[in-house]
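**Student:** Structure below; questions to follow.
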Amino acid sequence: MEFYHSLSLKYGPVYTLFLPCPTVVIADYESIKECLVTKGEHFIGKKEKPPFILLTNNTNGGIFASNGPNWYEQRKVSISILRNFGMGKSLMEQQVMRSIHNLVGHLESLEDKDAVMWFKPLQLTVGNVINETLFGFINHYNKCDKFFDFVETITLLFANFTSLMMNFYGTWPILTKVPLINAQYSQLSKRMAKYYEFVIAQVDVIRRDFIPNSDVSTFVQAYLQEMESSPNNSYLNMTQLYCLASDFWIAGMETTSTTLRWAMLYLVKYPEVQKKAHEEIDRVVGRDRYPTMADKAMMPYVSALILEIQRYANVPQVNKLLAFGMGKRQCAAEGLAKMELFLILTTVLQKYNLYATSNDVDIRPNFSLVVKPTDHPTRIVARS
109 MEFYHSLSLK YGPVYTLFLP CPTVVIADYE SIKECLVTKG EHFIGKKEKP PFILLTNNTN
169 GGIFASNGPN WYEQRKVSIS ILRNFGMGKS LMEQQVMRSI HNLVGHLESL EDKDAVMWFK
229 PLQLTVGNVI NETLFGFINH YNKCDKFFDF VETITLLFAN FTSLMMNFYG TWPILTKVPL
289 INAQYSQLSK RMAKYYEFVI AQVDVIRRDF IPNSDVSTFV QAYLQEMESS PNNSYLNMTQ
349 LYCLASDFWI AGMETTSTTL RWAMLYLVKY PEVQKKAHEE IDRVVGRDRY PTMADKAMMP
409 YVSALILEIQ RYANVPQVNK LLAFGMGKRQ CAAEGLAKME LFLILTTVLQ KYNLYATSND
469 VDIRPNFSLV VKPTDHPTRI VARS
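Taking the numbering used here, the leading residue of the sequence shown gets 109, the next gets one more, and so forth.
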């Protein structure tokens with residue numbers, strides 16, 4: 109990042125790198141906004157090349173890696189379904205709270221609260237929300253090995269996105285076909301194939317039991333209903349549904365859970381910030397009920413805290429933070445992600461004081477496709 113920034117100081121906010129393929133780098137807010145918003149229609153496409161094609165099991169499928177009319181149709185239908193499910197509203201909030209209740213129950217059941225590792229409980233809490241939204245079921249804390257096998261696959265994929273070999277594959281895609289040289293790509297491809305088998309199997313189970321024109325309670329059912337009601341729309345088909353389910357599952361696994369892990373790390377690193385958050389939560393919510401989204405408007409400090417955690421880097425113009433992107437490809441589930449961040453963080457802080465188990469809390473980032481924290485054990489103490 110520092111290297112790219114130094115080049116922008118020398119050559120300006122928009123410049124081209126030859127890697128060896130020409131790659132345009134856009135390095136400031138104004139240029140990004142002009143590209144993605146003002147002239148968004150001209151820059152809406154995505155190039156299909158390694159390693160990004162590993163994120164989809166079909167060329168031009170879903171919304172993450174698709175282009176053209178198909179991308180437009182899949183995004184339109186997906187956002188419509190999520191809005192009907194109450195994204196950012198009470199129905200989705202109830203679903204998030206069910207997952208949070210399970211998290212609190214898990215934390216209360218821990219015999220050793222002096223060394224809590226946040227990765228698994230936060231990942232499962234966030235993952236269960238998207239699992240229930242897509243497929244209608246959740247994973248339990250004592251029976252989630254398969255779930256975390258797929259989480260590990262996605263984590264490995266993201267970690268390898270920035271590796272030297274992946275850059276070679278992206279520059280010369282033919283290398284993914286060359287024995288030995290393609291070892292890293294082949295390994296990830298095989299793991300992703302098993303993940304896609306899981307997604308397809310879950311969708312097929314719902315399709316088998318689906319009754320047209322009946323009430324729907326999952327994203328998959330709602331998409332099947334759209335297929336039934338629009339038989340002449342060739343863009344709505346099972347191949348696209350498989351891809352969409354995969355896209356949303358991956359998106360639901362990452363970023364939100366990672367942001368929450370950063371939150372836990374910062375809160376033990378800076379206890380004075382944690383104390384102020386506790387005070388605001390106690391004043392607005394109290395201890396007799398769980399926080400709700402209706403409380404957010406009265407909690408400016410906690411809201412600012414979440415934005416600061418998302419910001420992470422030293423951004424000079426903080427009002428130009430782009431946590432969810434902008435333009436035509438802005439995060440489709442932004443409302444759900446914001447809800448999860450607020451409700452999970454405020455509930456944990458309402459219930460517990462968080463303490464570092466050592467004086468050396470490392471907040472240096474680990475870079476991959478997603479900037480990840482180093483996990484530190486946390487001592488949690490129930491607030492009296």
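No residue lacks a Cβ here, since even glycine has one placed at the ideal position from N, Cα and C.
Note that this is a predicted model, so its numbers are computed, not measured.
For Val-426 and Arg-183, I'd like the C-alpha separation in whole angstroms.
**Tutor:** Legend: pLDDT at Val-426 = 43, less than 50; position of this residue unreliable, no value from coordinates given.
**Student:** Can the beta-carbon of Leu-230 be found less than 8 Å from the beta-carbon of Leu-415?
**Tutor:** No; because the gap between Cβ atoms is not below 8 Å, this pair is not in contact.
**Student:** Going along the chain, which residues of its own chain have a beta-carbon closer than 7 Å to the beta-carbon of Met-200, five neighbours each way excluded?
**Tutor:** Same-chain partners within the cutoff: Phe-193, Gly-194, Leu-444, Met-447.
**Student:** Can you check which of these residues, Asp-222, Trp-370, Val-376, is closest to Asn-105 by C-alpha distance?
**Tutor:** Outside the displayed range of the chain (109 to 492) lies residue 105, so it cannot be described from this structure.
**Student:** Suppose only complete runs of 4+ residues qualify. What are the alpha helix (DSSP H) ranges in the stretch 440–491, listed by chain order?
**Tutor:** Within the stretch 440–491, the complete alpha helix (DSSP H) runs of at least 4 residues are 442–459.
**Student:** Nearest CA to the CA of Ala-412: which residue from Leu-453, Thr-400, Arg-397?
**Tutor:** The candidate whose alpha carbon is nearest that of Ala-412 is Leu-453.
**Student:** Who does Ile-134 pair with in a DSSP beta bridge?
**Tutor:** DSSP, once it has assigned bridges, lists Val-122 as partnering Ile-134.
**Student:** In its own chain, which residues sit with a C-beta less than 8 Å from the C-beta of Ala-223, not counting the 5 before and 5 after it?
**Tutor:** Result list for Ala-223: Thr-465, Pro-485, Thr-486, Arg-487, in chain order.
**Student:** Is Phe-306 closer than 8 Å to Phe-266 when the C-beta atoms are compared?
**Tutor:** No, the pair does not count as a contact, with Cβ atoms beyond the cut-off.
**Student:** With distances taken between CB atoms, is the gap from Asn-165 to Ser-354 smaller than 8 Å?
**Tutor:** Result yes, Cβ atoms of Asn-165 and Ser-354 sit closer than 8 Å.
**Student:** Are the Cβ atoms of Glu-387 and Ile-262 separated by less than 8 Å?
**Tutor:** Cβ atoms of Glu-387 and Ile-262: not closer than 8 Å.
**Student:** Restricting to Cα atoms, I'd like to know which of Val-311, Glu-442, Lys-147 is closest to Ala-359.
**Tutor:** If we check each option's Cα against that of Ala-359, Glu-442 comes out closest.
**Student:** Closest to Gly-364 by C-alpha separation, out of Gln-203, Leu-117, Ile-238, would be which residue?
**Tutor:** The displayed chain sequence assigns Thr, not Gly, to residue 364. Comparing Cα-Cα distances from Thr-364 to each of Gln-203, Leu-117, Ile-238, the minimum goes to Ile-238.
**Student:** Among the candidates Gln-382, Asp-390, Thr-233, whose CA atom is the shortest distance from the CA of Gly-213?
**Tutor:** If we check each option's Cα against that of Gly-213, Thr-233 comes out closest.
**Student:** Taking the straight line between their C-alpha atoms, what separation do you get for Asn-507 and Leu-163?
**Tutor:** Given a span of 109 to 492 for the chain in the structure shown, any question on residue 507 remains unanswerable.
**Student:** Could you tell me whether the stretch 301–320 touches the stretch 238–253, where touching means 3 or more Cβ pairs closer than 8 Å?
**Tutor:** Flag = yes, the stretch 301–320 and the stretch 238–253 touch.
**Student:** Name the residue from Leu-457, Leu-272, Val-376, Glu-380 whose alpha carbon lies nearest to the alpha carbon of Val-393.
**Tutor:** Of the candidates Leu-457, Leu-272, Val-376, Glu-380, the one whose C-alpha sits nearest the C-alpha of Val-393 is Leu-457.
**Student:** In whole angstroms, what is the alpha-carbon distance linking Ser-217 and Ser-207?
**Tutor:** Looking at the two C-alpha atoms, the distance is approximately 15 Å.
**Student:** Could you give the C-beta distance for Val-376 and Tyr-463, rounded to a whole number, given that I count them as a contact under 8 Å?
**Tutor:** Indeed they touch by this definition, with Cβ atoms about 6 Å apart.
**Student:** Round the Cβ separation of Pro-130 and Gly-278 to the nearest angstrom and send it over; I've been treating them as touching at under 8 Å.
**Tutor:** About 13 Å; that fails the 8 Å criterion.
**Student:** Is Val-224 helix, strand or coil when you go by DSSP?
**Tutor:** Strand, per DSSP.
**Student:** Less than 8 Å between the C-beta atoms of Phe-255 and Asn-247, yes or no?
**Tutor:** In contact: Phe-255 and Asn-247 (Cβ atoms closer than 8 Å).
**Student:** What ranges does the alpha helix (DSSP H) occupy inside the stretch 195–256, keeping only unbroken runs of at least 4 residues that lie completely in it?
**Tutor:** Listed in chain order, the complete alpha helix (DSSP H) runs (minimum 4 residues) inside the stretch 195–256 are 198–217, 227–243.
**Student:** Going straight from the alpha carbon of Arg-419 to that of Ser-114, what length do you get?
**Tutor:** Roughly 20 Å between the two C-alpha positions.
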